[in-house]
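Beneath this line is the structure, given in structure tokens, with notes to follow.
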Amino acid sequence: MSEDVEKVIIIGSGPAGLTAGLYTARSEMRPLLFTGSEIGGQVSLTMEVENYPGFPDGITGPELIQLMQKQAERFGCRVVVDTVTEVLLDEHPFTIKTQSGKVHRAKSLILATGARPRRLGVPGEKELTGRGVSYCATCDGFFFRGKEVAVVGGGDAAIEEALFLTRYVNKVKVIHRRDQLRAHAALQQRALRNEKFEFIWNTVVTAIHGEQKVTSLSLQNVQTGEESEMPIDGVFVYVGHIPNSQLFAGKLAMDEQGYLITDRFMQTSVRGVFAAGEIQDSRFQQIATSVGQGCAAALEAEKFVAELEERAYPGEP
Ligand code: NAP
Numbered sequence: 213m214s215e216d217v218e219k220v221i222i223i224g225s226g227p228a229g230l231t232a233g234l235y236t237a238r239s240e241m242r243p244l245l246f247t248g249s250e251i252g253g254q255v256s257l258t259m260e261v262e263n264y265p266g267f268p269d270g271i272t273g274p275e276l277i278q279l280m281q282k283q284a285e286r287f288g289c290r291v292v293v294d295t296v297t298e299v300l301l302d303e304h305p306f307t308i309k310t311q312s313g314k315v316h317r318a319k320s321l322i323l324a325t326g327a328r329p330r331r332l333g334v335p336g337e338k339e340l341t342g343r344g345v346s347y348c349a350t351c352d353g354f355f356f357r358g359k360e361v362a363v364v365g366g367g368d369a370a371i372e373e374a375l376f377l378t379r380y381v382n383k384v385k386v387i388h389r390r391d392q393l394r395a396h397a398a399l400q401q402r403a404l405r406n407e408k409f410e411f412i413w414n415t416v417v418t419a420i421h422g423e424q425k426v427t428s429l430s431l432q433n434v435q436t437g438e439e440s441e442m443p444i445d446g447v448f449v450y451v452g453h454i455p456n457s458q459l460f461a462g463k464l465a466m467d468e469q470g471y472l473i474t475d476r477f478m479q480t481s482v483r484g485v486f487a488a489g490e491i492q493d494s495r496f497q498q499i500a501t502s503v504g505q506g507c508a509a510a511l512e513a514e515k516f517v518a519e520l521e522e523r524a525y526p527g528e529p
């Protein structure tokens, strides 16, 4: 076990975590930030970020994350590639354990573990993941050059990624369970104008078929109950997210979907434990809002630790 008690440990390396790293580093807390299995989280899988202010021509997700990391490190944030496997919150200082077998203690924690793509949960999905079933158009779109693919979902992610796929594929069939998209108007307009798009409304996927790779989908119209089979080369699933909060089950208050509950100061149900980004935000889930929440959590963690240290050593500079 490391003998030192850190002022702050940050878990997660998406925009929320790296912003918390930048702010706590600049306030001389020497933050220790654990990245998880790879740096950047969901943003690293996004090819084009067009709505993060300051980049009028857009920027790729991996580039944006690299810049955020560099900026945090410039002020002394220690970014460590390791995954936190346990957090002990009953006693203060808090204890965290990592996959590499390290144990650390900290006066405050900032949780920014984000969210992961939701699965459809239909037969064939698991077996054919990586063989035609994908959750990342940026990673896998290239392999479908000249082919026909399906995108499941009607939100921003589904339409944005379907638009990206049109660079490679001949046709994108968007399968949505309603007859109206959830995606914002600008995206909808771009999709509706795009000749490579075809919309299959009021329809759900009930099974994915194929031996070595995806060959077809079983579909059901939710209004008529009619079932059909559609030949397809690949399927990209964008049906929302699940918060990465398993680590905190039974330790921190969560809503019924598993998102951590925070107050307006980013404080969780345990004093000194703050949360930022998609782990506590089921509503906005934007890079810009995650950055803002990471900043707020850092400012509050700094205040918490300063008050703690002032109580322990009153009058010391
Ligand atoms: P989302 O907005 O929750 O949309 C999920 C979509 O999947 C919805 O259309 C939903 O249908 C559908 N769906 C859910 N469960 C399903 C199931 N079991 N079978 C079939 N369809 C299912 O999720 P998201 O698109 O991942 O976006 C998450 C958040 O990130 C949102 O706040 C979004 O605005 C944000 N985001 C923003 C951008 C951007 O601004 N450029 C890009 C990506 C994401 P219903 O519509 O019927 O509910």
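Plus 212 on top of the position in the sequence shown (first one is 1) and you've got the numbering used here. Even for Gly, the Cβ is constructed at its ideal location relative to N, Cα and C.
Thinking residue i and residue j are a contact (beta carbons under 8 Å), I'd like their distance in whole angstroms, please.
| i | j | result |
| --- | --- | --- |
| residue 420 | residue 429 | 6 Å |
| residue 360 | residue 385 | 7 Å |
| residue 523 | residue 449 | Contact doesn't hold; Cβ gap of about 50 Å is too wide. |
| residue 459 | residue 296 | 7 Å |
| residue 257 | residue 351 | 6 Å |
| residue 399 | residue 371 | 5 Å |
| residue 514 | residue 479 | Incorrect: roughly 13 Å between the Cβ atoms, too far for contact. |
| residue 353 | residue 389 | About 23 Å separates the two Cβ atoms, so there is no contact after all. |
| residue 228 | residue 489 | 3 Å |
| residue 447 | residue 343 | Their Cβ separation, rounded to whole angstroms, is 11 Å, which puts residue 447 and residue 343 out of contact at 8 Å. |
Quick one: Cα of residue i to Cα of residue j, how far?
| i | j | result |
| --- | --- | --- |
| residue 484 | residue 500 | 24 Å |
| residue 516 | residue 233 | 16 Å |
| residue 254 | residue 226 | 7 Å |
| residue 406 | residue 394 | 18 Å |
| residue 239 | residue 520 | 15 Å |
| residue 469 | residue 526 | 43 Å |
| residue 451 | residue 323 | 24 Å |
| residue 529 | residue 298 | Only weak support exists for where residue 529 lies, its pLDDT of 49 falling under 50; the value from the coordinates is given anyway. Answer to the nearest angstrom: the Cα atoms are 34 Å apart. |
| residue 374 | residue 252 | 22 Å |
| residue 218 | residue 286 | 19 Å |
| residue 315 | residue 221 | 12 Å |
| residue 461 | residue 301 | 11 Å |
| residue 236 | residue 230 | 10 Å |
| residue 381 | residue 303 | 54 Å |
| residue 241 | residue 280 | 18 Å |
| residue 368 | residue 409 | 15 Å |
| residue 347 | residue 329 | 7 Å |
| residue 262 | residue 402 | 14 Å |
| residue 321 | residue 223 | 8 Å |
| residue 317 | residue 310 | 12 Å |
| residue 249 | residue 357 | 29 Å |
| residue 355 | residue 404 | 24 Å |
| residue 397 | residue 325 | 30 Å |
| residue 463 | residue 497 | 24 Å |
| residue 494 | residue 289 | 28 Å |
| residue 466 | residue 475 | 12 Å |
Evaluate residue i with the Cβ neighbour count: other Cβ atoms within 10 Å of its Cβ, from every protein chain shown; 16 or more gives buried, anything less gives exposed.
| i | result |
| --- | --- |
| residue 456 | buried |
| residue 270 | exposed |
| residue 293 | exposed |
| residue 440 | exposed |
| residue 335 | exposed |
| residue 312 | exposed |
| residue 477 | exposed |
| residue 275 | exposed |
| residue 391 | exposed |
| residue 453 | buried |
| residue 502 | buried |
| residue 243 | buried |
For the beta strand (DSSP E) containing residue i, name the first residue and the last one.
| i | result |
| --- | --- |
| residue 442 | 439 to 443 |
| residue 474 | It is not in any beta strand (DSSP E) - residue 474 carries neither H nor E in the DSSP assignment. |
| residue 446 | 446 to 449 |
| residue 419 | 415 to 422 |
| residue 238 | Counting along the chain, residue 238 falls outside any beta strand (DSSP E), though it belongs to the alpha helix (DSSP H) covering 227 to 238. |
| residue 487 | 485 to 487 |
| residue 328 | 327 to 329 |
| residue 244 | 244 to 246 |
| residue 429 | 426 to 433 |
| residue 402 | First-last for residue 402: 397 to 405, but that is the alpha helix (DSSP H), not the beta strand (DSSP E). |
| residue 411 | 409 to 412 |
Can you tell me where the alpha helix (DSSP H) holding residue i begins and where it ends?
| i | result |
| --- | --- |
| residue 503 | 499 to 524 |
| residue 282 | 273 to 286 |
| residue 371 | 368 to 377 |
| residue 318 | Not the alpha helix (DSSP H): residue 318 falls in the beta strand (DSSP E), residues 315 to 323. |
| residue 461 | Unbroken run through residue 461: none, as it is neither H nor E. |
| residue 349 | 349 to 352 |
Out of the options, which one is the CA nearest neighbour of residue i?
| i | options | result |
| --- | --- | --- |
| residue 413 | 400, 436, 387 | 387 |
| residue 609 | 260, 279, 280, 498 | The question about residue 609 has no answer, for the chain in this structure spans 213 to 529. |
| residue 491 | 248, 327, 267 | 327 |
| residue 319 | 306, 348, 310 | 306 |
| residue 418 | 333, 272, 504, 247 | 333 |
| residue 433 | 337, 447, 411 | 411 |
| residue 364 | 494, 356, 349 | 349 |
| residue 366 | 343, 416, 355, 481 | 416 |
| residue 532 | 325, 486, 496, 273 | Limits of the chain in this structure are 213 at one end and 529 at the other, which puts residue 532 out of reach. |
| residue 442 | 308, 436, 362 | 362 |
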